[in-house]
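Visitor: Can you keep this structure in mind? I'll have questions shortly.
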Amino acid sequence: MAASMSTGLVALHGNCTETLADTLMAWMRTHPLQPLETEVVLVQSNGTAEWFKMRMAEQLGVCAAAKVELPARFIWRTYRQILGKHAVPPASPLEKVPLTWRLMRLLPGLLHEPAFAPIESFLRPGEPERLLQLAERLADLFDQYQVYRGDWLKAWEEGRDVLTHPGKPEEPLPESQRWQAQLWRAVLADLQAHEMAATRTALRELVMQRLREAEPGSLPVPRRVVLFGLSHVPLAMLGFLDAMARHTQVVLAVPNPCRYHWADAIDGRALLRMQRRRQPLRNGQDLAAIPLEAMHAHAHPLLAAWGRQSRDYVRLLDEYDNTLQTADRAHWPRVDLFDDAPADAGSLLQQVQRSIRDMLPLAEHPKAMQPEHYIAAQDQSIVFHSAHSLVRELEVLHDQLLQLLAQSPAPGQVPLQPRDVIVMLPDIQAAAPSIRAVFGQYSRHDPRYIPFDIADLSARAASPMVVALQWLLKLPQQRCRLSELCDLLDVPAVAARFGLSATDVPQLTHWMAGAGIRWGLNAEQRATLGLQACGEHNSAWFGLRRMLLGYASGSRSVQGAHGWQSAAAWGEIEPYDEVGGLGAELAGILAAVLERLMRWWEEALLDATPDVWAQRLRQLAQDMFEPQDDVERALLDGLEKALTRWQEACDQAGFVQQIPLAVAQEAWLQALEQPSLEQRFRAGGVTFATPMPMRAIPFEVVCLLGMNDGDYPRRATRNDFDLMQQPGQYRPGDRARRDHDRQLMLEAVLSARRVLYISWAGHHVRDNSEQPPSVLVSQLREYLAAGWRGERKDLLAERTWHHPLQPFSRRYFEQDTELLTYAREWRDAHAQQDAAVVQDMPALDLEALEPLSMDRLTRFVRHPAKAFFQQRLGVYFEADEDTVEDDELFQLNGLQAYQLVEQLQQQFVADWEQSRHAALDGDRAAPLLQVRLQSLQRAGRLPLAGVGQREAQQLQATVLPCLQEWAARRQAFPREVERLRVHFRHAGVVLEDWLDQLWAADHEVAGVAPVWLQLDARDVLDKDGELRRDKLLRVYLRSLVAAACGVEVQGVLIGRDTALHVQPMAQDVAQQALQDLLELWLQGQQSPLPVPMKTGMAMAWQDEAAARTAYEGGFVGNGEAEDMYWQRLYPDFQMLNADGRLHDLALAIYGPMEGWLQQCVENVGWIHHTEQGRHA
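For the sequence shown, position 785 (counting from the first letter as 1) is numbered 785 according to the UniProt record's numbering, and the numbering increases by one without interruption.
Laid out in structure tokens, this is it:
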């Protein structure tokens, strides 16, 4: 059986967290509780809780029967134990969430009163969520008042609109803030009798009275309560613990950075005049008698600058501290647990911590007191790294951690593990993607892999399922773009719910884009956005119907009665015939998705009570999500619990009014805003976290990143309603937001054991201008420079590293560099660049090379650089075209018009060939073209309404003449000629291909060669009526190869503006030109030829000014230098022409083309005219 437990309050002060914890463990071991009795330990964060549990398991062998929890939860449970569960409900009626919904119900009826005019203007018509935002802010404010200003609330309850001050006269409430007292009285008046008795203020008075009056040991409270690692405790809680100390043993493990009394070294000491003082005076000097302006000569500068919040806690604790008497009764061996190591020994980090422990002023630091004392250069216990951005800070950190993890431990130290490192950033939510990008780039099998975990992330930032849920909850306001629908289907939980595999989503996305889906669910959904004029075209329902009709009807076209093809449309639906086969079930899945989205959209438009919304939201989650891992299952479970808590809060507050979706979804997702206390912390790898109060657990390496001026200390949002923030209202023990980050900086310095690592963006990413660090970092650096000497040079210079903008900078790989990197890929790149001998391209193996085709030869001449990069190096600079279009057409641009004209031409030719036995002539091309244009409009390929009709008319006027011309010439050459083989060999290069699509007259005519007919979707003449040479390159090379191979063919090129007749070339001329071209092709396989097409043509025509404009661009448009391949090789015309080869190469390639244009190409115009065509 355990021995009896002496009661009282014991405060253990120490500057080392491990010593405090070990002392507690030793006390628990020698003074155990009953076998089934629970050890109660109060902490302020999940990180501290996990650390304490692990430490307890290490010291005691097991962590069992230990309840490590938050103070607020313990206090409320203790209230229920002392007063009985019948008198204290499970939760206070004035907790933040129930109070929010009580205010939601009360505020609309109060805002008309004159006193509420200051907040009435915050609400706006049509923005119902602003009422919820106001209620949440006020509930948070009253929640803080209940903890820190119970006397104010008591006075307001009694009808006195005043601000009370302990020991001072009351102060009347400002006129503009009197609504707060009225609102509090309205809240209390709304409570029922049993709820009024269960408020925190009322219960605290009853509990304090019971604790003072009851005999020790008569109350059902824990026999021992431990508060561990708290650097801030409200005054009311200290009073509660002091009252409990009559009945239980209360042990406070206080992290005190200084062994001496230091409370009077900081501004605000007048508020903390107390007779009792736990810690001794340093050198017998009472700091209260020293003016603050002279305090620098007697106190530690960092303690005075950063320790205000910790000072208040320690000083307030003195009021209740009877540790010495309690320790004597309980036989505590020690209550002051400060180490005695010399302040001028150890690493720089240890000396800083010990100088704080001993409250050394700067005049007593080694630099002033010991001329021979210095910090060795290899002592890197405090380091500073300056980079250009957060990503670069993380890259540098990764390299530095690899070095630290690889180092051999010093004598007495254990090897460093990733779990011994914590990295804190001011905004962990914004930094999370960069952290994953840098630390997640290496596989687990790479020696550079460092395991890591990101704590303090809200669920909104941690899960794609939450992003999808947020989009669904805003569905009534969404345009429902195609990209958004595709992103929704990409979410694994959504895909699993509808049976989509990873390979199904790209296919379905392709079909959705091809079916013309752009935005909107259907016409009704568009109408609610005020866009009813847009109708159904290009909506999701429009595309789905096209897909289903295409699957049902099979082929998209049928043979028409007059011989041409007419679309197999049904009503206004044009079938999308790519849907078919076993994958056609994807269209059914899309139908199921749209059905559920439209059902949810209809429900989301209707206001409802919280209970109805809870039912709808549960159904939405069930309809849309199938969790795929434990994280998503926990998330859905958390959402379900949040709905339950919301319903309970509304029931408790009596809120039954109907609310819109905007309010319901904000109330629901509030549960995902804050990180859970059950989140993993120190899970086995490097821990990334945000600086939080009471997280000063010890780590071997503490890293502070993003310590930029303006980012840290973080700016606290000022609340104009908060009377605690008004001038003159501060009280010791208040949680002053402006002091939080200073306290956290102090805790970070004190909790590091081996290395304190600090970095910031010290140079601007654009102009490299210098940027200052956080003011707290500047204070630390100034303090270090004033207190210690470096070994060889300035102390800070030996510990500050300025990193280049890029991780592949040569500075990392220069000999004798002090910079460090483990990026061996960049080292290899520099090593290759620095190699003395640069290897030439391997020779082209002509024997193993497949024959050259006319298409490959054309691509080479058109773009030699692109052909070299892709065919010889396998390098592709083009971006993947995986984006989808979200907007319907309003007007056809040049590229879209070209693509439609080309499609119409190809369809016309196919229709002609399939229906040539029906004697289709050119005069009947117009109705066939009209059918095709109607098909385009039904498919959503043209703009809507009148704009679409105008575009269709313009397309018809553009395309019809060239189609009529093609039909007329095709009728003149009705007989198909078998394809002809072309074969040419020169310099080991074999060119081999076929000439197809050749036609001839019905009866052979001597001297008349077969003809090829080609439709071109572009104009072949410029504005001056001259031939556009760049549009004729493919035709020229086809004629050149045919003539060089002795194949006599003629051709007709029919553009949008005219027809060109192409006569055969002379064979000897063609052979010489083709031989030269093949030799240039061989050269182009070893290195890219500097001859862009348009630039080369201009040079061949002896116009260097035009060549420069063609390459560099001008007012008319961009030049060829904008192309990624040319930009990579020759950024401007001067570099392109630097070796003088441009002119000769241009003449070799395009010189023969000029002779061909003059001798073999004739502009013959139309042979078939209509009035419409001539007018066009």
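Backbone N, C-alpha and C fix where the C-beta goes; we use that ideal spot for every residue, glycine too.
Check whether the stretch 122-139 and the stretch 99-110 are in contact - that is, three or more C-beta pairs closer than 8 Å.
Guide: yes
Visitor: What did DSSP end up calling Ile435 once you bin it into helix, strand or coil?
Guide: helix
Visitor: With a cut-off of 8 Å, do at least 3 Cβ pairs link the stretch 211-219 to the stretch 28-48?
Guide: no
Visitor: Please state if the CB of Leu636 and the CB of Leu473 are separated by a distance shorter than 9 Å.
Guide: No, Cβ-Cβ distance for Leu473 and Leu636 is not below 9 Å.
Visitor: The alpha helix (DSSP H) spanning Thr17 covers which residue range?
Guide: Thr17 to Thr30
Visitor: Reducing DSSP to helix, strand and coil, say where Gln1067 ends up.
Guide: helix
Visitor: Just checking my contact of Val702 with Ala761 at CB under 8 Å: how many whole Å lie between their CB atoms?
Guide: Actually they do not touch by this definition, with Cβ atoms about 19 Å apart.
Visitor: Which of the three DSSP states, helix, strand or coil, is assigned to Asp911?
Guide: When secondary structure is reduced to three states using DSSP, Asp911 falls in the helix class.
Visitor: If you compare alpha carbons, which of Asp887, Gln1071 and Gln477 is closest to Val982?
Guide: Gln1071
Visitor: Do you know offhand how far Glu847's Cα is from Ser853's?
Guide: Take the alpha-carbon of Glu847 and the one of Ser853: they are about 16 Å apart.
Visitor: Measure the C-alpha to C-alpha separation of Asn1163 and Ala1059 and round it to an integer number of angstroms.
Guide: Each residue's alpha carbon lies about 6 Å from the other.
Visitor: Sorted by chain position, which residues of the same chain lie with C-beta nearer than 6 Å to Arg827's C-beta, five sequence neighbours on each side aside?
Guide: Answer for Arg827: Phe813, listed in chain order.
Visitor: Quick check on the burial criterion: 16 or more other C-beta atoms within 10 angstroms. Buried or exposed for Gly109?
Guide: Its Cβ having fewer than 16 others within 10 Å, Gly109 is exposed.
Visitor: Check whether the Cβ atoms of Pro257 and Leu756 lie closer than 9 Å to each other.
Guide: Cβ atoms of Pro257 and Leu756: not closer than 9 Å.
Visitor: My assumption, with CB atoms under 8 Å, is that His764 sits in contact with His385. Please give the rounded CB distance.
Guide: With a Cβ gap of about 16 Å, His764 and His385 do not count as contacting.
Visitor: Buried or exposed: Asp1024, going by 16 or more other Cβ atoms within 10 Å of its Cβ?
Guide: Counting Cβ neighbours within 10 Å, Asp1024 comes out exposed, since fewer than 16 surround it.
Visitor: Under 6 Å Cβ to Cβ from Leu677, same chain only, skipping five residues before and after it: list those, please.
Guide: Note that Leu677 scores a pLDDT of 42, beneath 50, so its modelled location is shaky and nothing firm can be said.
Visitor: Nearest CA to the CA of Ala664: which residue from Phe868, Pro610, Arg618 and Ala621?
Guide: Pro610
Visitor: Please return the same chain residues whose Cβ sits closer than 6 Å to the Cβ of Trp1101, not counting the five positions on each side in sequence.
Guide: none
Visitor: Counting C-beta neighbours from all protein chains within 10 Å, is the total for Trp994 16 or more, i.e. buried, or is it exposed?
Guide: If you draw a 10 Å sphere on the C-beta of Trp994, you find fewer than 16 other C-beta atoms in it, and that means exposed.
Visitor: Thinking C-alpha only, which one of Gly728, Trp511 and Ser774 is nearest Glu171?
Guide: Gly728
Visitor: Note the first and the last residue of the continuous beta strand (DSSP E) segment covering Ile119.
Guide: Here Ile119 belongs to no beta strand (DSSP E); instead the alpha helix (DSSP H) covers Ala117 to Glu120.
Visitor: With a 10 Å radius around its C-beta and 16 neighbouring C-beta atoms as the bar for buried, classify Glu603 as buried or exposed.
Guide: buried
Visitor: What's the C-alpha gap between Tyr783 and Ala368?
Guide: 13 Å
Visitor: List the DSSP bridge partners of Asp993.
Guide: Val982
Visitor: Just how far apart, CA to CA, sit Gln413 and Asp379?
Guide: 15 Å
Visitor: Are the beta-carbon atoms of Thr248 and Val225 separated by less than 9 Å?
Guide: yes
Visitor: Take Asp921 and list the residues in its own chain whose beta-carbon comes closer than 6 Å to its own, dropping the five residues that flank it on each side.
Guide: For Asp921, the pLDDT reaches just 48, beneath the cut-off of 50, and the residue's location in the model is therefore unreliable, although a value from the coordinates is still provided. So no residue of the chain qualifies.
Visitor: Is Ala343 close to chain C, meaning its C-beta is less than 9 Å from at least one C-beta of that chain?
Guide: Considering every chain present, this structure includes no chain C. It has just one protein chain.
Visitor: Alpha carbon to alpha carbon, what distance is there between Arg204 and Phe142?
Guide: 16 Å
Visitor: If you count every other CB in all the chains shown that lies within 10 Å of the CB of Gly581, and 16 or more means buried, which is it?
Guide: exposed
Visitor: Report all residues from its chain with a CB closer than 7 Å to the CB of Ala270; omit the five preceding and five following residues, and keep chain order.
Guide: At Ala270 the pLDDT is 47, less than 50, meaning the model places this residue with poor confidence; the figure from the coordinates comes in the next sentence. So the list is empty, once near-sequence residues are dropped.
Visitor: According to DSSP, simplified to helix, strand and coil, what is Leu70?
Guide: coil
Visitor: For the beta strand (DSSP E) holding Arg754, just list the boundary residues, first then last.
Guide: Ala752 to Ala761
Visitor: In terms of residue numbering, what span does the beta strand (DSSP E) encompassing Phe384 cover?
Guide: Ile382 to Ala387
Visitor: Given this structure, state the Cα-to-Cα distance separating Trp1156 from Gly1096, to the nearest angstrom.
Guide: 17 Å
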